[in-house]
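Enquirer: I have a structure I would like to understand better, so I am pasting it below and will then ask my questions one at a time.
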Amino acid sequence: MIQRARLSERYFARHADDVAVSLIGAVLLVNGAGGRIVETESYDPEDPASHSYLYRRTARNAVMFERPGLAYVYRSYGLHWCLNFVCHGGSAVLIRALEPVEGLRAMKRRRETRDPHKLCAGPGRLCQALAVDGSLNGASLLAKPFALFRRPGAVEIAAGPRIGISKAREAVRRFGEKDSPFLSRRFPPNA
DNA sequence: CGATAGATCGGCT
DNA sequence: GCCGATCTATCGC
């Protein structure tokens with residue numbers, strides 16, 4: 000890794016849309032395995048698709064209301080894990096895909112895949128590759144086992160509707176590195 | 001290719 | 001009970 004500027008709590012204490020955009024190209028490692036974030040989605044309490052909709056607190060989403068810079072990890076469809084970065088006031092950014100850079104061997108072993116394009120392309124796959132599970136829910140992103148580094152230079156950002164949701168489908172809150180082969184899905188041409 | 005079923009947990013109508 | 005911020009295998013064209 001060339002750029003080693005760590006992210007701070009203040010980095011996360013912004014509007015989730017801004018955090019989601021600036022995270023594209025940032026480096027995420029968990030116990031030394033990970034790579035460049037290439038796809039994110041933002042959620043907040045005004046958003047019908049969000050677990051924090053209308054500031055409704057439950058045992059599952061409690062971490063979203065604690066403080067910026069925490070990991071919110073939840074179980075999806077009963078079997079996958081999904082990793083979010085908690086932002087300001089009940090908002091969060093879902094980490095959907097990354098470009099594998101470090102710890103390839105460990106990630107391939109955990110995913111039982113050799114294709115680097117399928118290692119971390121999707122929130123569930125990403126968590127499996129990085130060994131993220133419920134035990135990391137509420138953990139600080141600024142300390143071990145996490146390591147987060149600011150994106151070194153400019154990246155070309157694409158935006159579009161989020162994936163796999165039934166509410167607020169129109170909202171443009173999915174962001175990614177345009178044309179990256181490591182996305183979970185390509186962005187629709189157009190906008 | 002695209003469509004679909006199934007796995008399986010927590011939160012809510 | 002039912003549905004979801006998912007993924008994989010397995011159909012059918």
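0 is the number of the first residue of the first sequence in numbering that gives the first Met the number 0; add one for each residue after it. Each residue gets a CB set at the ideal place from its N, CA and C atoms; glycine is no exception. Given the structure is predicted, the values throughout are model-derived calculations rather than measurements.
Taking 8 Å as the cut-off, decide whether the C-beta atoms of R110 and A128 are in contact.
Expert: For R110 and A128, yes; Cβs fall inside 8 Å.
Enquirer: For R56, name the three-state secondary structure that DSSP assigns.
Expert: Residue state, collapsed to three classes: coil.
Enquirer: Grab the span of the beta strand (DSSP E) containing F84 for me, first residue to last.
Expert: It spans 79-85 - the beta strand (DSSP E) in which F84 sits, taken as one unbroken run.
Enquirer: According to DSSP, simplified to helix, strand and coil, what is F11?
Expert: If DSSP states are grouped into helix, strand and coil, F11 belongs with the helices.
Enquirer: Who are F148's beta bridge partners in DSSP?
Expert: Note: F148 sits in a beta bridge opposite R5, V26.
Enquirer: Taking contact to mean 3 or more Cβ pairs, one atom from each stretch, closer than 8 Å, check whether the region 118-127 and the region 84-101 are in contact.
Expert: These segments touch.
Enquirer: List the DSSP bridge partners of F174.
Expert: Answer is T39, A158.
Enquirer: Can you check DSSP and say which residues form a bridge with I94?
Expert: Answer is T39.
Enquirer: For L141, does the three-state DSSP call read helix, strand or coil?
Expert: Residue state, collapsed to three classes: coil.
Enquirer: Between which two residues does the beta strand (DSSP E) harbouring A70 extend?
Expert: Note, A70: beta strand (DSSP E), 70-75.
Enquirer: Near R168, what residues of its chain come up, given a Cβ to Cβ distance below 7 Å and the 5 sequence neighbours on each side ignored?
Expert: For R168, where only same-chain residues beyond five positions count, the Cβ hits under 7 Å are P160.
Enquirer: With DSSP as the reference, please indicate the residues paired to E101 in a beta bridge.
Expert: DSSP lists G33 as partners of E101.
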